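*Asks:* As you go down the protein sequences, you meet chains H and L in turn. When the letters of the first sequence are read in order and numbered with the numbering used here, they come out as residues 99 to 362. When the letters of the second sequence are read in order and numbered with the numbering used here, they come out as residues 100 to 297.
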Amino acid sequence: MTANGSHDRSAEPGDLTGRLDELRDALREAIQEEPAPDGVGVAAILAEARAEDPPSRTTGRRTRPAPVATGAPRPWEGLIGPDRHAACLRAARDGDRRALDVLVAELTPLVWHVARGNSVGKEAAEDVVQTVWLALLRHLDRLVEPRALVGWLITTTRREAQRSRRAGRAQLPLSQEVAEQLTSEEWLPEPQALMEDRDRMLWAAFVQLPQRCQELLRLTVLAGRVEYRSVADALNMPRGSIGPTRGRCLRTLRDRLEGEEGWR
Amino acid sequence: MTEPPAQPKDDAEPEARHAEFTQLYDEEHTRLLRIAAMMAPNLDGEGAAHDAFVRLWRRWDTVHTSKRAWLVRTMCNLIIDQARSLERPGELTDELTGWQRGTYRVLVQRQRDPEHWQELSDTLRAIGKLPEQLRTALVLRFWEISDDETAEVLGCDRATVRKYVSTARARVAEVVGNPERRFAARPGRRGRGNDHDR
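(1) Looking at R344(H): is its Cβ nearer than 7 Å to the Cβ of L307(H)?
(2) For S265(L), does the three-state DSSP call read helix, strand or coil?
(3) Going along chain L in order, which residues have a C-beta closer than 8 Å to the C-beta of G249(H)?
(4) Measuring CB to CB, does R268(L) end up less than 7 Å from L114(H)?
(5) Considering only the beta carbon of each residue, do L132(L) and I129(H) sit closer than 7 Å?
(6) Any residues in the segment 151-171 of chain L with a beta carbon nearer than 7 Å to a beta carbon of chain H? Which ones, in chain order?
(7) Count Cβ pairs between the segment 231-241 of chain L and the segment 150-162 of chain L that sit closer than 8 Å; are there 3 or more?
(8) So, helix, strand or coil for D238(L), using DSSP?
(9) Which of the three DSSP states, helix, strand or coil, is assigned to D160(L)?
(10) Do you know offhand how far W285(H)'s Cα is from R352(H)'s?
(11) Taking DSSP as the reference, what is the three-state secondary structure of N141(L)?
(12) In angstroms with no decimal places, state the Cα-to-Cα distance between V227(H) and W242(L).
(13) Excluding the 5 residues preceding and the 5 following T222(L) in the sequence, name in chain order all residues of the same chain whose CB lies nearer than 8 Å to its CB.
(14) Which one of M138(L), A168(L), R257(L) and R130(L) has the shortest CA to CA distance from Q181(L)?
(15) Return the first residue and the last residue of the alpha helix (DSSP H) that E243(L) is part of.
(16) Can you give me the C-alpha to C-alpha distance between R160(H) and L205(H), rounded to a whole angstrom?
(17) Locate the alpha helix (DSSP H) running through Q228(H), then write down its first and last residues.
(18) Could you tell me the alpha carbon to alpha carbon distance between A115(L) and T121(L), rounded to whole angstroms?
(19) Taking Cβ-Cβ distances shorter than 7 Å, what residues in chain L pair up with L121(H)?
(20) Taking the CB atoms as reference points, tell me whether A223(H) and A213(H) lie closer together than 7 Å.
(21) Does R337(H) get closer than 7 Å to chain L when you measure Cβ to Cβ?
(22) Does the pairing of the segment 250-264 of chain L with the segment 161-172 of chain L give three or more beta-carbon distances under 8 Å?
(23) Run through chain H and tell me which residues come within less than 9 Å of L239(L), C-beta to C-beta.
(24) With burial defined as no fewer than 16 other Cβ atoms inside 10 Å of the residue's Cβ, what is the status of V140(H): buried or exposed?
(25) Just verifying my parser: in three-state terms, what is the DSSP assignment at Q130(H)?
(26) Can you name the residues of chain H whose CB is closer than 9 Å to the CB of L132(L)?
(27) Going by other Cβ atoms of all chains shown within 10 Å of its Cβ, with 16 needed for buried, is G357(H) buried or exposed?
(28) What is the rounded straight-line gap between the Cα of A197(H) and the Cα of K220(H)?
(29) Please report the residue range of the alpha helix (DSSP H) in which D353(H) lies.
(30) On the criterion of 16 or more Cβ atoms from any shown chain inside 10 Å, does A136(L) qualify as buried, or is it exposed?
(31) Examine chain H for any beta-carbon lying closer than 7 Å to the beta-carbon of R183(L), and answer yes or no.
(32) Taking only beta-carbon atoms, is V140(H) less than 7 Å away from chain L?
(33) Per DSSP, what kind of secondary structure is S220(L) in: helix, strand or coil?
(34) What's the gap between the Cα of K228(L) and the Cα of M174(L)?
(35) Using the rule of at least 16 other Cβ atoms within 10 Å of the residue's Cβ for burial, across every protein chain shown, is E120(H) buried or exposed?
(36) Please classify P140(L) as buried or exposed, where buried requires at least 16 other C-beta atoms within 10 Å of its C-beta.
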């Protein structure tokens, strides 16, 4: 969608169809078609579907075999790509440590990039990489489709990265400092949105409120759906005073706004 | 009826099944992501879509109706599960950051004109606030899922789907199409992008 013009905006304000069309365009742009068939995505799905098979089909008879002597042949030698990985995986399954080392050495960059691509920080990404390889060790016997190893790794990494991101966020204690930081980063609507006159005035008045009031309002009004109990914990206030304080803050905000020219 | 094979058989015509699945994936994956993004921009639509495909593959031979409808329904259920687990958050932080920010995330990247962006976000939010049935009906229509399939997803008939869609549209229009809320009284503001005062 180009910036100007492909849609005629002169339609009446309640014109929902036009709006929905634009929304569709925006979403199409935000979530684009894969340029080429996504073989990795399919492989990952197949690998995962099979990995969760009932154990009788895949792992029934398995006990871990004895380690392979270091002088043994290397069946993956000379192979490339999925075949090589598949050969390594099979060998690793049969207890060949060297095969596993090959996999780790060759595929760690991939795992690393996937982790980083899921906006995990550097240190967290290292943890993710570790976890993924450990997961592979645990699942070694259950990956029925050795050729889908890369897909499996990608999926696992993506999930682990997401998990790690969520966990990382949850671990931050919501101290006052953190709450302030979070607020300015995350909850304020895009600065551009303030260009709406009314919003601008509202926010202008809002930032003049005492810090405490701002926080409280952000937590109770903007974030919505939050229990007062959590807010009380976060702000270190008695729970019973949240409601009244909130009311007071809103009143102050309204008074300030009504003092402004051009409000309403 | 008879015991259905729960798992695609290993050697019998795996190639054909494979090809079919791959084709379905290539055709529908993006659409599923878009549906998820609209149903619940703040949740993990990618994960839900992926899981839906995994489940479909495991039941490939037992899904005899529209596979696409099956996928959509499964994904929607997974999204609802996700939403439920968010509903009662153990932590304050996740709820706060996820909920408020989520609605913006999808659109924020590319929309440069702030006013326009705001409008789209509002619309998206209004859709997000619809009751489950209405929202599903609207979103599926939006991404060109046929009414028959939507009926399958929702477990109702076609006429009901139509009714849901029009009710949903009316409700969204009520919120985002309200001239007062949209400051439409000021002429000239609606021209997009080129007549901003900065």
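We put the CB at the ideal spot given by N, CA and C, even for glycine. Treat the numbers as computed from the prediction; the structure is a model and nothing was measured.
*Replies:* Working from what's here:
(1) no
(2) helix
(3) None at all; the shortest Cβ gap to chain L is about 11 Å.
(4) yes
(5) Remark: C-beta atoms of L132(L) and I129(H) approach each other more closely than 7 Å.
(6) F152, V153, W156 and R157
(7) no
(8) Rather than Asp, the amino acid found at residue 238(L) in this sequence is Val. In this structure, V238(L) counts as helix in the three-state DSSP scheme.
(9) The three-state secondary structure of D160(L), taken from DSSP, is helix.
(10) Per-residue confidence for W285(H) stands at a pLDDT of 40, beneath the threshold of 50, marking its modelled position as unreliable; the derived number appears in the next sentence. Taking the straight line joining both Cα atoms gives about 21 Å.
(11) coil
(12) 37 Å
(13) V271 and V275
(14) M138(L)
(15) Taken as a continuous stretch (DSSP letters only), E243(L) belongs to no alpha helix (DSSP H), as it is neither H nor E.
(16) Summary for R160(H): the model assigns pLDDT 42, below 50, so the residue's position carries little reliability, and this model does not support an answer.
(17) It spans K220 to H237 - the alpha helix (DSSP H) in which Q228(H) sits, taken as one unbroken run.
(18) 10 Å
(19) L219, T222 and L223
(20) yes
(21) no
(22) yes
(23) Within chain H, no residue comes near L239(L); the closest Cβ sits about 13 Å away, beyond 9 Å.
(24) Buried, since its Cβ has 16 or more Cβ neighbours within 10 Å.
(25) coil
(26) I129
(27) exposed
(28) 27 Å
(29) I340 to G357
(30) When all chains shown are included, A136(L) counts as buried.
(31) Under the 7 Å criterion on CB atoms, R183(L) is classed as non-interfacial with respect to chain H.
(32) yes
(33) helix
(34) 19 Å
(35) buried
(36) buried
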